[in-house]
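Quick notes on the structure that follows.
Number of protein chains: 2
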Amino acid sequence: MSDRGLLLVLSGPSGVGKGTVCKALRESMPDLVYSVSATTRSPRAGEVEGVNYFFTSKEDFRRMIEQDELLEWAEYVGNYYGTPRKFVEETLDSGRDVILEIEVQGALQVKKKFPQGIFLFLAPPDLAELENRIVGRGTESEETIRHRMEMARTEIELMDQYDYVVVNDQIECACSRIQSIITAEHLKKERQIHKFRKWLKEVE
Amino acid sequence: MSDRGLLLVLSGPSGVGKGTVCKALRESMPDLVYSVSATTRSPRAGEVEGVNYFFTSKEDFRRMIEQDELLEWAEYVGNYYGTPRKFVEETLDSGRDVILEIEVQGALQVKKKFPQGIFLFLAPPDLAELENRIVGRGTESEETIRHRMEMARTEIELMDQYDYVVVNDQIECACSRIQSIITAEHLKKERQIHKFRKWLKEVE
Numbered sequence: 001m002s003d004r005g006l007l008l009v010l011s012g013p014s015g016v017g018k019g020t021v022c023k024a025l026r027e028s029m030p031d032l033v034y035s036v037s038a039t040t041r042s043p044r045a046g047e048v049e050g051v052n053y054f055f056t057s058k059e060d061f062r063r064m065i066e067q068d069e070l071l072e073w074a075e076y077v078g079n080y081y082g083t084p085r086k087f088v089e090e091t092l093d094s095g096r097d098v099i100l101e102i103e104v105q106g107a108l109q110v111k112k113k114f115p116q117g118i119f120l121f122l123a124p125p126d127l128a129e130l131e132n133r134i135v136g137r138g139t140e141s142e143e144t145i146r147h148r149m150e151m152a153r154t155e156i157e158l159m160d161q162y163d164y165v166v167v168n169d170q171i172e173c174a175c176s177r178i179q180s181i182i183t184a185e186h187l188k189k190e191r192q193i194h195k196f197r198k199w200l201k202e203v204e
Numbered sequence: 001m002s003d004r005g006l007l008l009v010l011s012g013p014s015g016v017g018k019g020t021v022c023k024a025l026r027e028s029m030p031d032l033v034y035s036v037s038a039t040t041r042s043p044r045a046g047e048v049e050g051v052n053y054f055f056t057s058k059e060d061f062r063r064m065i066e067q068d069e070l071l072e073w074a075e076y077v078g079n080y081y082g083t084p085r086k087f088v089e090e091t092l093d094s095g096r097d098v099i100l101e102i103e104v105q106g107a108l109q110v111k112k113k114f115p116q117g118i119f120l121f122l123a124p125p126d127l128a129e130l131e132n133r134i135v136g137r138g139t140e141s142e143e144t145i146r147h148r149m150e151m152a153r154t155e156i157e158l159m160d161q162y163d164y165v166v167v168n169d170q171i172e173c174a175c176s177r178i179q180s181i182i183t184a185e186h187l188k189k190e191r192q193i194h195k196f197r198k199w200l201k202e203v204e
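Residue numbers (UniProt numbering), protein chains in the order written: chain A, 1 to 204; chain B, 1 to 204.
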């Protein structure tokens with residue numbers, strides 16, 4: 001039996017470039033499986049069931065919520081979106097790693113249901129950039145700045161719930177850091193020692 | 001202030017290739033600082049104080065043991081060898097990573113004194129190889145095989161004390177895995193979040 005895969009949860013503040021990094025990462029790691037969401041919205045032209053989304057009726061979606069079949073879910077402009085646990089579990093069982101790209105609130109829901117996931121916080125390129133987002137061009141009202149400060153503070157406190165912080169300065173660098181994290185996580189002793197123990201038993 | 005460096009402890013059973021991997025790693029990562037041992041043996045031609053070893057009298061070495069100035073030490077054919085804590089701490093404080101290549105018993109001593117180190121177990125290339133080491137060429141006595149089995153069992157149980165298991169199938173692959181581990185360890189949230197918190201305080 002091959003080892004179980006890892007669930008990588010790529011998250012971070014809005015506008016940080018989660019989608020771009022996730023896309024680049026999947027291109028450089030074709031074995032990485034993208035977690036397919038369930039949604040109640042109608043398919044758009046070209047969207048394929050099971051590839052872009054699992055298209056679901058509202059009734060079915062509500063049943064999935066009730067039966068705890070979603071790692072996280074949210075309602076957005078009248079439709080439901082969520083991460084079916086079954087797809088993730090089956091892919092991990094097959095030995096492949098899964099990546100889930102998601103905003104911060106969703107990631108924290110996933111962490112409650114699947115704490116063994118690897119939680120990656122994608123952070124803005126540098127603190128100057130974060131500062132720009134807060135202070136703006138000097139034309140912002142005090143209230144706007146205070147509001148943005150509050151947002152930054154909340155984001156940084158949520159960072160504390162994650163396993164790793166990856167700065168998105170350049171897409172290639174961010175991808176390469178994430179690849180290192182995936183490699184290192186697979187090499188953790190807890191994920192390796194059972195092979196040696198199993199083999200010792202067989203040789204006995 | 002730059003971040004504190006990491007102490008990487010590269011260890012594993014004798015004959016697994018610790019020295020070769022450590023040398024290759026240092027060549028590919030010139031910023032990685034090699035932990036210099038103290039010894040009471042006399043310098044050989046070409047050996048430089050503070051580069052190859054810290055050459056020490058037996059009296060001084062015994063004082064270092066008593067004053068807990070060594071992360072580990074051992075006696076070998078009438079001489080002492082050990083890892084001075086001061087050199088490691090000062091290098092880490094300067095923001096550089098230190099690598100310590102050491103046999104398993106020494107690594108476990110280091111773990112007691114410096115549990116925040118990253119402990120890497122270098123494992124034989126594959127289980128077939130380990131099996132060869134045990135069963136030999138079919139000409140070994142039952143007692144030899146039993147003894148080797150005991151050794152393998154002990155090594156694998158000691159593996160449990162480490163953070164990562166790196167298989168040494170090819171030197172380049174082993175080095176690249178270790179580099180991934182170093183990258184990932186630096187990206188751990190505990191080692192990143194303080195920068196963001198500090199900055200938030202400054203902006204306030």
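Yeah, the Cβ is synthetic: ideal placement off N, Cα and C, and Gly gets one too.
Computed from a prediction, not measured in an experiment: that's the story for all the values here.
Contacts around A/E185, its chain only, beta-carbon distance under 7 Å, and the 5 residues preceding and following it disregarded: L6 and I118
CB contact flag (A/Y80, A/T40, <7 Å): yes
Cut-off 8 Å between Cβ atoms - residues of its own chain near B/G19, not counting five sequence neighbours on either side: E101
Where the stretch 160–174 of chain B meets chain A: residues whose CB sits under 9 Å from a CB there: D160, Q161, Y162, D163, Y164, V165, V166 and V167
Which listed residue (B/R44, B/E66, B/M149 and B/D31) has its alpha carbon closest to that of B/D97: B/D31
Cross-chain neighbours of A/I134 in chain B, by beta carbon under 9 Å: V203
Whole beta strand (DSSP E) elements within the stretch 109–157 of chain B, 3-residue minimum: 118–123
Any C-beta of chain A under 7 Å from that of B/M1: The predicted position of B/M1 is uncertain, since its pLDDT is 42 and thus under 50; no value can be drawn from it.
Beta-carbon proximity list for A/V88, same chain, < 7 Å, skipping 5 on both sides: L7, S35, L71 and V98
Opening and closing residue of the beta strand (DSSP E) in which A/E72 lies: L70 to Y76
Paired residues, beta bridge with B/V80 - DSSP: In the sequence as displayed, the identity of residue 80 of chain B is Tyr instead of Val. B/Y80 is bridged to B/E75.
Residue-chain proximity (B/T183, chain A), Cβ-Cβ < 7 Å: yes
7 Å Cβ cutoff, B/L108 in contact with chain A: no
Interface residues of chain B facing A/I193 [CB-CB closer than 8 Å]: I156, M159, D160 and V165
Exposure of A/Q192, with buried meaning 16 or more beta-carbon neighbours within 10 Å: buried
Residue-chain proximity (A/F61, chain B), Cβ-Cβ < 7 Å: no
Cross-chain neighbours of A/S180 in chain B, by beta carbon under 9 Å: Q179, S180, I181, I182, T183, A184 and L187
Cβ shell of A/I145 (< 8 Å), same chain only, five flanking positions each side left out: I134, V135 and G136
Any C-beta of chain B under 7 Å from that of A/L25: no
Three-state secondary structure assigned by DSSP to A/I178: helix
Any chain A beta carbon closer than 7 Å to B/F114: no
Proximity to A/L187 [Cα-Cα], best of B/K188, B/I178 and B/H194: B/I178
Cutoff 7 Å: B/S199 Cβ touching any chain A Cβ: For clarity, residue 199 of chain B is Trp in the given sequence; the question names Ser instead. So yes, B/W199 belongs to the interface.
Minimum Cβ-Cβ distance from A/P13 to chain B less than 7 Å: no
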